[in-house]
Amino acid sequence: MTNKIEKWEELSREIAFQKYSRKIEKVMYKMPDGKESDFYLKKEGPATGILALTRDQQVILVKQFRPGPNEILNELPGGYVDANETPEQAAERELLEETGYKGKAKLVATAYDCAYSTMNRYCVVVTDCEKVAEQNLEKNEFAEVVLMPLSEFRELLKSGKNTDIEVGYIGLDYLNLL
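Our numbering numbers the first residue of the sequence shown as 268 and each following residue consecutively.
Structure (structure tokens):
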């Protein structure tokens with residue numbers, strides 16, 4: 268066996284489960300030692316994670332229940348990128364729908380969701396946000412808008428009690444606010 272890391276050979280791929288815009292795929296790989304092994308991957312399209320700040324440097328968050336952690340979390344807004352959208356356009360749309368805020372969007376980075384997901388998460392910073400509308404949530408979304416001071420937001424990131432933590436850190440770094 269060699270110590271050189273190489274891409275594994277994919278032997279088969281099938282959909283194990285599908286609902287909404289998410290799929291779980293069962294993928295069989297031939298491993299470097301010649302053995303075969305199954306992996307279950309989340310198959311999802313690209314999405315945005317948004318660090319949005321008001322003109323007075325409040326971070327715009329969405330407070331909602333999340334089934335994975337089984338907790339109510341103050342999260343960064345975000346959502347899937349539609350086929351006809353740029354990441355910035357998707358971020359502007361999602362921010363307006365989820366919070367009623369609008370601002371200047373800038374794509375600053377792309378991150379992998381996790382090692383077992385196909386999703387690319389576009390990290391978008393939106394500055395100079397102003398409230399221009401009421402929330403326009405989808406039928407299965409229940410969320411409250413929260414404005415949080417930067418110092419409190421940094422503590423939230425450090426606590427780990429959030430999703431898309433990388434978006435928060437990348438956005439703060441881009442704005443030189445770490």
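All C-beta atoms in this analysis are idealised placements derived from N, C-alpha and C, irrespective of residue type, glycine included. All of these numbers come straight from a predicted model, not from anything done at the bench.
Run of the alpha helix (DSSP H) containing residue i, from where it starts to where it stops
{"i": "Pro416", "result": "Premise fails: Pro416 lies in the beta strand (DSSP E), Glu411 to Pro416, not in any alpha helix (DSSP H)."}
{"i": "Thr354", "result": "Inspection of the sequence shows that residue 354 is occupied by Pro rather than by Thr. Segment Pro354 to Thr366, the alpha helix (DSSP H) holding Pro354."}
Residue i, DSSP secondary structure in three states
{"i": "Tyr383", "result": "coil"}
{"i": "Ile272", "result": "coil"}
{"i": "Asp349", "result": "coil"}
{"i": "Asp440", "result": "helix"}
{"i": "Gly435", "result": "helix"}
Counterpart residues of residue i in DSSP-defined beta bridges
{"i": "Val329", "result": "Glu342 and Val412"}
{"i": "Ile282", "result": "Glu292"}
{"i": "Leu445", "result": "DSSP output for Leu445 lists no bridge partner at all."}
{"i": "Arg421", "result": "DSSP lists no partner for Arg421."}
{"i": "Tyr389", "result": "Thr315 and Thr377"}
{"i": "Glu397", "result": "Lys369"}
{"i": "Lys297", "result": "Glu276 and Glu303"}
Start and end residues, beta strand (DSSP E) containing residue i
{"i": "Tyr307", "result": "Glu303 to Lys310"}
{"i": "Thr321", "result": "Ala314 to Thr321"}
Cβ separation of residue i and residue j, assumed to be a contact under 8 Å, to the nearest whole Å
{"i": "Lys309", "j": "Tyr379", "result": "About 11 Å separates the two Cβ atoms, so there is no contact after all."}
{"i": "Tyr296", "j": "Glu276", "result": "6 Å"}
{"i": "Ala314", "j": "Met386", "result": "6 Å"}
{"i": "Tyr368", "j": "Glu397", "result": "7 Å"}
{"i": "Val391", "j": "Glu352", "result": "Their Cβ separation, rounded to whole angstroms, is 12 Å, which puts Val391 and Glu352 out of contact at 8 Å."}
{"i": "Leu414", "j": "Gln324", "result": "No, Leu414 and Gln324 are not in contact; Cβ-Cβ is about 10 Å, not under 8 Å."}
{"i": "Gly370", "j": "Val393", "result": "4 Å"}
Any non-hydrogen atom of the ligand FMN closer than 7 Å to residue i Cβ
{"i": "Arg388", "result": "Absence of the ligand FMN is noted for the structure shown, with no ligands found whatsoever."}
Count the CB pairs spanning the segment 371-378 and the segment 329-339 that are closer than 8 Å, and state whether there are at least three.
-> The answer is no - the segment 329-339 does not touch the segment 371-378, with fewer than three Cβ pairs under 8 Å.
Quick one: any contact between the segment 423-437 and the segment 301-321, if contact means 3 or more CB pairs under 8 Å?
-> Taking a cut-off of 8 Å on C-beta distances, the segment 423-437 touches the segment 301-321, as three or more cross pairs fall below it.
Would you check if there are 3 or more beta carbon pairs closer than 8 Å linking the segment 401-420 to the segment 361-368?
-> Cβ pair count under 8 Å is three or more, so yes.
Touch check for the segment 411-427 and the segment 381-396: three-plus C-beta pairs under 8 Å?
-> Touching, no, given that fewer than three Cβ pairs across the two stretches are closer than 8 Å.
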